[in-house]
């Protein structure tokens, strides 16, 4: 560990996903707008299972919608 890593344990439904989704959305919002011929990922979230990936997708979608993503 480099002194900046974190390990957290919490119950289901306690908001763990927001711990990394909100900083990611803040990062995305701070990026300059892409030009008409530019594209690419602004962030990457890895999940160990399809069901968890879908749950993360739902949280991201709900949190990003007010920001226009």
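Numbering (full-length UniProt numbering), first residue to last: 1 to 69. Just so it is clear, CB atoms sit at the ideal spot from N, CA and C, and this is done for glycine as well.
* Could you have a look at residue 66 and say whether DSSP puts it in helix, strand or coil? => Indexing the chain shown from 1 puts residue 66 at position 66. Helix.
* Asked: Applying the criterion that 16 or more other CB atoms from any shown protein chain within 10 Å of the CB defines a buried residue, is residue 42 buried or exposed?
  -> Position 42 of the chain shown holds residue 42. Classification for residue 42: exposed.
* If you follow the alpha helix (DSSP H) that residue 29 is part of, which residue opens it and which one closes it? -> Position 29 of the chain shown holds residue 29. Where residue 29 is concerned, the enclosing alpha helix (DSSP H) stretches over 16-30.
* To do: Grab me the residues of residue 59's own chain with a C-beta within less than 8 Å of its C-beta, minus the 5 sequence neighbours each way, in chain order.
  => In the chain shown, the residue the question calls residue 59 occupies position 59. So the list reads 17, 18, 21, once near-sequence residues are dropped.
* Asked: Can you tell me whether DSSP reads residue 34 as helix, strand or coil?
  -> Here residue 34 corresponds to residue number 34 of the chain shown, with the count starting at 1. If DSSP states are grouped into helix, strand and coil, residue 34 belongs with coil.
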